[in-house]
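Numbering (the working numbering), first residue to last: 40 to 285.
This is the structure:
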């Protein structure tokens, strides 16, 4: 609810209001302005200045936004059933999807190097993927740093980037994918939807279509099981192709 820029604009007294609000979030929507001012040991004028600095016209609007903010913290529901995962596995068994997996495996098997790319939760998946591909004989490097120096890859190197991103819209991952594409790297993406920016940047995209679940403060509850399954399936196929050429 509060941006870094807004917090930086607060003076010492306004910061006292902020500190009280953070510690008593559930009570704020039901407090009058005089009550909040008294509890934070500031004037009502200070409270109003605080409201305006965070983008509200007055205390009434601030309380409404605060109530919505508190409500959203309890909205995320992560079901325990496996229906979405079963649906994904069914789609994965389709001949067209299997053909895409085979195509991706062929591209990776022929590559000189494989970069497994991902940030945040997808970064952990990319690290696992790099280790798993290496287990099957295809040495891979995990890239979880958005500032990874990609200029070392000239346009004539045979590099494949396997990009993991749930939304396919993470700004830093999009930028890194774009830079790698400019270096003529082959891009294979594993995202939730084929309509995402990263999927559109890719030479080949593998999408799993499950519900994305995000909590407050960008907490991500979305299952990474489909990404792991796709990663393992690809690695096994790549391993099989490498064994055939030995």
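We put the beta carbon where it would ideally sit given N, CA and C, even for glycine.
Item to check | Integer Cβ distance of residue 235 from residue 207, believed to fall under 8 Å | outcome: Within the chain shown, residue 235 is the residue found at index 196, counting from 1. Within the chain shown, residue 207 is the residue found at index 168, counting from 1. Right, the Cβ-Cβ distance comes to about 2 Å (below 8 Å), so this counts as a contact.
Item to check | Whole-number beta carbon distance between residue 158 and residue 212, since they are thought to touch under 8 Å | outcome: On the chain shown, residue 212 is found 173 positions in, with the first residue counted as 1. On the chain shown, residue 158 is found 119 positions in, with the first residue counted as 1. Going by Cβ atoms, the distance from residue 212 to residue 158 rounds to 5 Å, so yes, they are a contact pair.
Item to check | 3 or more residues per run - each beta strand (DSSP E) lying fully within the region 42-99 | outcome: none
Checklist entry - Looking only at its own chain, which residues have a Cβ that is under 7 Å from the Cβ of residue 171, when we skip the five neighbours before and after it? => result Locating residue 171 in the chain shown gives position 132, counting from the first residue. Cβ neighbours of residue 171 beyond the five flanking positions: 270, 271, 274.
Item to check | As assigned by DSSP and simplified to three states, the class of residue 141 | outcome: Numbered from 1 along the chain shown, position 102 holds the residue referred to as residue 141. Residue 141 falls in the helix class under three-state DSSP.
Checklist entry - How many Å lie between residue 219 and residue 231 at the Cα? => result Within the chain shown, numbered from 1, the residue matching residue 219 stands at position 180. Within the chain shown, numbered from 1, the residue matching residue 231 stands at position 192. So the alpha carbons of these two residues sit roughly 21 Å apart.
Item to check | residue 276 classed as buried or exposed, judged by whether at least 16 other C-beta atoms fall within 10 angstroms | outcome: By one-based count along the chain shown, residue 276 stands at place 237. Looking at its Cβ environment, which holds 16 or more other Cβ atoms inside 10 Å, residue 276 is buried.
Item to check | For residue 216, the first and last residue of its enclosing alpha helix (DSSP H) | outcome: Residue numbering aside, residue 216 sits at position 177 when the chain shown is read from its first letter. It spans 210-221 - the alpha helix (DSSP H) in which residue 216 sits, taken as one unbroken run.
Checklist entry - Which same chain residues, not among the five before or five after residue 81, have their C-beta less than 7 Å away from its C-beta? => result Position 42 of the chain shown holds residue 81. Counting only Cβ-Cβ distances below 7 Å, and skipping sequence neighbours, we find 52, 55, 56.
Next on the checklist: Tell me the rounded alpha-carbon separation between residue 152 and residue 214.
Outcome noted: By 1-based counting over the chain shown, the position of residue 152 is 113. By 1-based counting over the chain shown, the position of residue 214 is 175. Rounded to whole angstroms, residue 152 to residue 214 spans 20 Å at the Cα level.
Next on the checklist: Using a 10 Å radius around the Cβ and a threshold of 16 neighbouring Cβ atoms, would you call residue 263 buried or exposed?
Outcome noted: Numbered from 1 along the chain shown, position 224 holds the residue referred to as residue 263. Buried, by the Cβ-count rule.
Checklist entry - CA-CA distance, residue 149 and residue 261? => result Here the question's residue 149 lines up with position 110 in the chain shown. Here the question's residue 261 lines up with position 222 in the chain shown. C-alpha separation (whole angstroms): 32 Å.
Next on the checklist: Along the chain, where does the beta strand (DSSP E) containing residue 230 start, and where does it finish?
Outcome noted: Reading the chain shown from its first residue, position 191 is the one you call residue 230. Note, residue 230: beta strand (DSSP E), 225-230.
Next on the checklist: Quick check: the Cα distance between residue 134 and residue 124, rounded to an integer number of angstroms?
Outcome noted: For the purposes of this step, residue 134 is identified with residue 95 of the chain shown, where counting begins at 1. For the purposes of this step, residue 124 is identified with residue 85 of the chain shown, where counting begins at 1. Roughly 18 Å separates the two Cα atoms.
Checklist entry - With 16 as the cutoff for other CB atoms within 10 Å, does residue 44 come out buried or exposed? => result As a first step, residue 44 is located in the chain shown; it is residue number 5 there, counting from the start. Residue 44 is exposed by the Cβ-count criterion.
Next on the checklist: Give me the DSSP bridge partner(s) of residue 147.
Outcome noted: For the purposes of this step, residue 147 is taken as the residue at position 108 of the chain shown. In the DSSP output, where bridge partners are listed per residue, residue 147 has none listed.
Next on the checklist: Is the beta carbon of residue 127 closer than 9 Å to that of residue 265?
Outcome noted: Numbered from its first residue, the chain shown carries residue 265 at position 226. Numbered from its first residue, the chain shown carries residue 127 at position 88. Yes, the Cβ-Cβ distance between residue 265 and residue 127 is below 9 Å.
Next on the checklist: Here's a check: name, in chain order, each residue in its chain whose Cβ is nearer than 8 Å to the Cβ of residue 86, leaving out the five neighbours to either side.
Outcome noted: Here residue 86 corresponds to residue number 47 of the chain shown, with the count starting at 1. So the list reads 56, 72, 75, 76, 79, 98, once near-sequence residues are dropped.
Checklist entry - For the candidate residues 205, 222, 267, whose alpha-carbon lies nearest to that of residue 237? => result Numbered from its first residue, the chain shown carries residue 237 at position 198. Per the Cα distances, 205.
Next on the checklist: Suppose the cutoff is 6 Å on Cβ atoms and the five residues either side in sequence are ignored; what does the same chain contact list for residue 181 look like?
Outcome noted: On the chain shown, residue 181 is found 142 positions in, with the first residue counted as 1. So the qualifying residues of the chain are 155, 165, 166, 169.
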